[in-house]
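K.L.:
There's a structure below that I have some questions on.
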Amino acid sequence: MKKNSYHFRKTLSVLSGLVFLFFLLSLSLGPSDLTIFDFWSLGETKKNDTTWLIFFEIRLPRAILGLAVGMSLGLAGAALQGYLRNPLAEPGIIGVSTSASLFTVIIFYSGLSAGFALLMPFAGILGATSAVLILQSLAGRNASALTVVLAGVAISSFSGALISLALNFSANPFATYEIVFWLLGSVADRGLDQVAIALPFMAVGWALLLWSGNPLDALTLGEEEAASLGYKLSRVRAQLVFGTAVAVGSATSIAGTIGFVGLVVPHLLRPFVGNRPKLLLSASALGGAALVLAADIAVRLLPFKQELKLGVITALIGAPFFLLLIIKHRRSVL
Amino acid sequence: MTLLTIDELSVKIGSSPILNSVTFELQQGKIIGLMGANGSGKSTLLKAIADLIPYSGQIFWRGQPIKKLPSRARAKTIGYLGQSRLPSWSLSVRDFVALGRLPFEDRNKNGGKKILEKSIFECDLADLSDRLVTQLSGGELARARIARVIAGEPTLLLLDEPIAGLDPLHQLEIMHLLQEKVSEGLTVFLILHDLSLAARFTNRLILLKEGCILVEGPTAPVLNSTNLAEAFKINSRYCVTDGIPYVVPTYPIKTLSEPQKG
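Taken in order, these protein sequences are the chains called A and B.
In this text, residue positions in the first sequence follow my numbering: the first is 1149, and each later residue adds one.
In this text, residue positions in the second sequence follow my numbering: the first is 29, and each later residue adds one.
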């Protein structure tokens, strides 16, 4: 335990440092040349100053959202992998993110999002909850890695098909354009008011997931031995399903589909925490935040005429990683 | 002293009865063996006692209905080890054994850490404590699993085939370890398939047949040829050499003295 605790603390310190650094970098990057020091020197009286507006209305919400969405996805990935005891479980791969997107698109599509902003995170949460519950019933209790992934592909494909159906019948081409761009996943151009709506939901999800550490450790032994250690598995399941749904649903409702973060981050960090599911939760939360902030910085630095969407870059990194993971786990998966 | 009383315990899976009105008592400080043919309901009985599956009938812990014990208190009192399997994640041996302290609040304090070290030492795992469980041999993994349940300092240990798949040396190591813990006050209720190890190491034995208790009592009389013929459809002979009892089974049913044909 001493050896792993040492790695764990060191890992958390390094990750916290990275998150802090990327957060400051995120605040310092944009079309204008303003840096964090320009904002620092602003007084309280300059609230209508352009510099102030750029900082509080554009860059700060983007940085906060990058951090919060990354935390949600990294944490949910680690929790799902611990619960399903499957290294391929990830909100995107098992259909949670797509299902949350579908429900959010329905709200977009119906025009309800304009009048009731709160409906967006609720729709995302409902979509994510449905996906986890359907996945559980499709895959069964002691599902193999392959079954979980296949069930997730089925949910993801069906949700994707329904999103396509909504886009197909959309009467308004501008709405279609808006939905498509939202689906690509981004934390740019969101206001502090949108952050204020989604952030409390994400925080509830984080709390529920972070408090499931001990039962996740127990589940390493299998369901029966975990139950013999005094854990009520139905309660653990409810806590994890609801925690994942609230964190991922609200993150997706505001940022769109940002895939593979929950797959890549826990996998990379697992060796640094002695493979313990409990320790992996907090490490993956910080790792997810660092990765999304870094990816969001990268999209701003890449020399493209039009800014690359965050979801596109995480998919470009994550999909080959997913393939490598399948090759690595080929024996246990197939 | 009676630790556990099982009264008319029955278990059904769907509409199929697995256990039918099983009644017996477990005395403290003994090794009690549970034997029977495959599918006779042994693992189901252990799971019912550990409250892992629904059952009808009553289980009393020191005279009180066990259902009244909160799940955490029950986890501290009864240790359960299912059939051998590798953990889902490759933890270090120390972290794996530490899972046995999960029901306890002191697991990160000095008291809890001392108990953890004691369990690792008793199961001869001190040199392996930083190794990953996936790198252990079958015998080492079996010792690590026993250390995991012992770390919870239970009063009663339920073990489902703890020596299955082990070579004779490791089987003996595990059985001697359990015998040592029983001498310190632990009670062990375990499923075995080896008649000779049961003859040598258990104080009492329960033979199950088709979900019912065929016979229950002190080990030597339970292991007579009539009971074993009824439970396993084998002929057998109970022998003692140099004070060590063992059972010689034959297959199919025929007497040992009968000459081989053909």
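All C-beta atoms in this analysis are idealised placements derived from N, C-alpha and C, irrespective of residue type, glycine included.
A quick note: this is a predicted structure, and the numbers were derived from the prediction, not measured.
1) Using the Cα positions of residue 1379 of chain A and residue 130 of chain B, report the straight-line distance between them to the nearest angstrom.
2) Okay, do the stretch 1429 to 1438 of chain A and the stretch 1210 to 1224 of chain A touch, 3+ Cβ pairs below 8 Å being the bar?
3) Do we get a CB-CB distance below 8 Å when we pair residue 289 of chain B with the residues of chain A?
4) Nearest by alpha-carbon distance to residue 118 of chain B: which of B:110, B:172, B:91, B:76 is it?
5) Let me know the secondary structure DSSP gives residue 63 of chain B once reduced to three states.
6) With a 10 Å radius around its C-beta and 16 neighbouring C-beta atoms as the bar for buried, classify residue 1234 of chain A as buried or exposed.
7) Looking at C-alpha atoms only, which residue of B:120, B:259, B:76, B:106 is the closest neighbour of residue 178 of chain B?
8) State yes or no: is the beta carbon of residue 1476 of chain A nearer than 8 Å to at least one beta carbon in chain B?
9) For residue 80 of chain B, go through chain C and note every residue whose CB falls closer than 7 Å to its CB, in chain order.
10) Pop quiz: residue 1407 of chain A and residue 1463 of chain A are said to be a contact at Cβ under 8 Å. What is the actual Cβ separation, rounded to whole angstroms?
11) For a test of the three-state rule: what should DSSP assign to residue 1424 of chain A, helix, strand or coil?
12) At 7 Å on the CB atoms, spell out the chain B contacts of residue 1369 of chain A, in chain order.
13) For a contact meaning CB atoms closer than 7 Å, what does residue 1366 of chain A contact in chain B?
14) What number of angstroms, rounded off, separates the C-alpha of residue 47 of chain B from the C-alpha of residue 82 of chain B?
15) According to DSSP, is residue 1249 of chain A helix, strand or coil?
16) In its own chain, which residues sit with a C-beta less than 8 Å from the C-beta of residue 1183 of chain A, not counting the 5 before and 5 after it?
17) For a test of the three-state rule: what should DSSP assign to residue 1354 of chain A, helix, strand or coil?
18) Name the one or two DSSP bridge partners that residue 265 of chain B has.
19) Check whether chain A comes within 8 Å of residue 58 of chain B, counting only Cβ atoms and requiring the distance to be less than that.
20) Tell me, please, whether the stretch 78 to 94 of chain B touches the stretch 1207 to 1218 of chain A by the rule of three or more beta-carbon pairs shorter than 8 Å.
21) Against residue 1425 of chain A, what residues of chain B qualify as contacts under a CB-to-CB distance less than 9 Å, listed in chain order?
22) Is the stretch 1300 to 1319 of chain A touching the stretch 1419 to 1427 of chain A in the sense that three or more CB pairs, one from each, lie closer than 8 Å?
23) Strictly by DSSP, which residues pair up with residue 240 of chain B?
24) Hey, residue 153 of chain B and residue 175 of chain B are a contact pair by Cβ (cut 8 Å); roughly how many whole angstroms apart?
25) Starting from the C-beta of residue 1173 of chain A, find all residues in its chain whose C-beta is less than 8 Å away, skip the five residues before and the five after it, and write them out in chain order.
26) Counting contacts by CB-CB distance shorter than 8 Å, is residue 1448 of chain A in contact with chain B?
27) Could you tell me which chain A residues have their CB closer than 8 Å to the CB of residue 83 of chain B, listed as they occur along the chain?
28) State the CB to CB distance for the pair residue 1240 of chain A and residue 1398 of chain A, rounded to an integer number of angstroms; the pair is presumed to be in contact (CB under 8 Å).
29) Could you work out which residue in B:235, B:239, B:253 is closest to residue 245 of chain B when comparing CA atoms only?
30) Between residue 152 of chain B and chain A, is any beta-carbon pair separated by less than 8 Å?
31) Here's the rule: buried if 16 or more other CB atoms are within 10 angstroms of the residue's CB, otherwise exposed. What is residue 124 of chain B?
32) For residue 110 of chain B, go through chain A and note every residue whose CB falls closer than 7 Å to its CB, in chain order.
33) Of all Cβ atoms in chain B, is any one closer than 8 Å to the Cβ of residue 1157 of chain A?
34) Considering only their Cβ atoms, is the gap separating residue 188 of chain B from residue 71 of chain B smaller than 8 Å?
35) According to the neighbour-count rule (16 or more other Cβ atoms, all chains shown, within 10 Å of its Cβ), is residue 1316 of chain A buried or exposed?
36) With residue 185 of chain B and residue 215 of chain B assumed to form a contact (beta carbons below 8 Å), what rounded beta-carbon distance in angstroms separates them?
P.N.:
According to the data block:
1) 10 Å
2) yes
3) In this predicted model, residue 289 of chain B has a pLDDT of only 48, less than 50, meaning its place in the structure is not dependable enough to derive any value.
4) B:172
5) strand
6) buried
7) B:106
8) no
9) In the structure shown, chain C does not exist; the protein chains are A and B.
10) 5 Å
11) coil
12) 115, 127
13) 127, 130
14) 12 Å
15) helix
16) 1176
17) helix
18) B:276
19) no
20) no
21) 116, 117
22) no
23) B:237
24) 6 Å
25) 1441, 1445
26) no
27) Result: empty, since nearest Cβ-Cβ is about 14 Å, beyond 8 Å.
28) About 16 Å separates the two Cβ atoms, so there is no contact after all.
29) B:235
30) no
31) buried
32) 1370, 1372, 1373
33) no
34) yes
35) exposed
36) 7 Å
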